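A.B. asks: Every letter in the sequence shown is one number past the one before it in this note's numbering, and letter 49, counting from 1, is 120. Let me give you the structure first, and then I'll get to my questions.
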Amino acid sequence: MTLNPALDLTYTVDALVPHATHRVQRVAERAGGKGLNVAAVLHALGEPVLAAGLLGGATGAAVRAKVDTPHSFTPIGAETRRTVTVVDDIDATGLWEPGPVVTGEEWAAFQEHYLGLVKDAEVIVLSGSLPQGLPDDAYAVLIRLARRHHCRSVLDTSGAALGRGAAAGPDVVKPNAKELAALQSPTTAAVVESHGPDGLIARTPQGSWRAAPPEVVTGNPTGAGDACAAALARGLRDGTPWPELLADAVALAAAAVKAPVAGEIDINHYRATRERVHVQPHR
């Protein structure tokens, strides 16, 4: 689920220098937004997936045309946003537009459409920022609606949307360390805390673990968290034991860093890394 998708532009340069003019080596244009990245990774792994969310205007039409997975979007009147990622040999710098203003009528229409989707879903991943016009509890509303239809949920967002959404009790919430520090006692079954290149810490009813990659991976980290969320959703569906699930999530995140564009993975790197991830109990 991507409520605030984007037309994602990736510029590759030799080196990013502030206040300088750059000659772009390569330009990649794709359907972006965290939930669409999750869907793309699951699709690449051969998993059945449906991308959904809100799209509007000419930019929204361009995003829809570039979505390679099965999808079911709800139209809105305002223009879908764009995001720009500048990638060099060391890291990536992102520039995110704020997104459209969604009306109350459009939000109500989306919820009605959403109810039809969750009836046939096993797990829903709710990812990314909220567009303007939606209430802070928008994800909380969607989590509760999914639970009514026995659909499990993974929440990956930030700010007020994270706090309100976590209070609704998703099955898994995936904050980073800074977001977790600001989160007040989430009523959720499991918290998977991202530590970037250092891996993950999971606190679950079955125990707590730390999972770390075998080595630091350089590349484009933009879609790493989304690949992690994809692994969490698949493992939640399959009932994968947490140590195995966390190893899979770390390996898939590393494979996303090795890929040039968010939403893609280096499948060979994923396979080579999967069995070498270090998972150990954590207090």
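Glycine residues also receive a C-beta, built at the ideal position from the N, C-alpha and C atoms. Owing to the predicted nature of the structure, the values given are computational and were not obtained by experimental measurement.
Per DSSP, which residues does arginine 152 bridge with? Please list them.
C.D. replies: The partner list for arginine 152 (beta bridge, DSSP) reads Ala77.
A.B. asks: If you scan the stretch 221 to 300 from start to end, which runs of the alpha helix (DSSP H) of 4 or more residues do you find wholly inside it?
C.D. replies: As far as the stretch 221 to 300 is concerned, its whole alpha helix (DSSP H) runs of at least 4 residues are 230 to 238, 248 to 252.
A.B. asks: If you follow the beta strand (DSSP E) that valine 348 is part of, which residue opens it and which one closes it?
C.D. replies: Per DSSP, valine 348 belongs to no beta strand (DSSP E) and is neither H nor E.
A.B. asks: Can you give the Cα-Cα distance for proline 292 and valine 328, rounded to whole angstroms?
C.D. replies: Computed Cα separation, rounded: 5 angstroms.
A.B. asks: Would you say the beta carbon of arginine 215 is closer than 6 angstroms to some non-hydrogen atom of the ligand HEM?
C.D. replies: The ligand content of the structure shown is nil, which means the ligand HEM is not present either.
A.B. asks: Between Leu125, Val120, Thr151, Gly290, which has its C-alpha nearest alanine 179's C-alpha?
C.D. replies: Taking only the C-alpha atoms, the option nearest alanine 179 is Leu125.
A.B. asks: Looking at the structure shown, is arginine 17 part of a helix, part of a strand, or coil, going by DSSP?
C.D. replies: Limits of the chain in this structure are 72 at one end and 354 at the other, which puts residue 17 out of reach.
A.B. asks: Which term fits histidine 114, buried or exposed, when burial requires 16 or more other beta carbons within 10 angstroms of its beta carbon?
C.D. replies: The residue in question, histidine 114, is buried, as its Cβ has 16 or more Cβ neighbours within 10 Å.
A.B. asks: In the structure shown, what three-state DSSP assignment does threonine 174 receive?
C.D. replies: Coil at threonine 174, not helix or strand.
A.B. asks: Since glutamate 168 sits in a beta bridge, which residues does DSSP pair it with?
C.D. replies: Glutamate 168 is not bridged to any residue.
A.B. asks: My assumption, with CB atoms under 8 angstroms, is that alanine 163 sits in contact with threonine 156. Please give the rounded CB distance.
C.D. replies: Indeed they touch by this definition, with Cβ atoms about 5 angstroms apart.
A.B. asks: For arginine 94, which three-state DSSP category applies?
C.D. replies: Three-state DSSP puts arginine 94 in coil, outside helix and strand.
A.B. asks: Can you check whether the CB of asparagine 108 is closer than 7 angstroms to the CB of glycine 334?
C.D. replies: Yes, the Cβ-Cβ distance between glycine 334 and asparagine 108 is below 7 angstroms.
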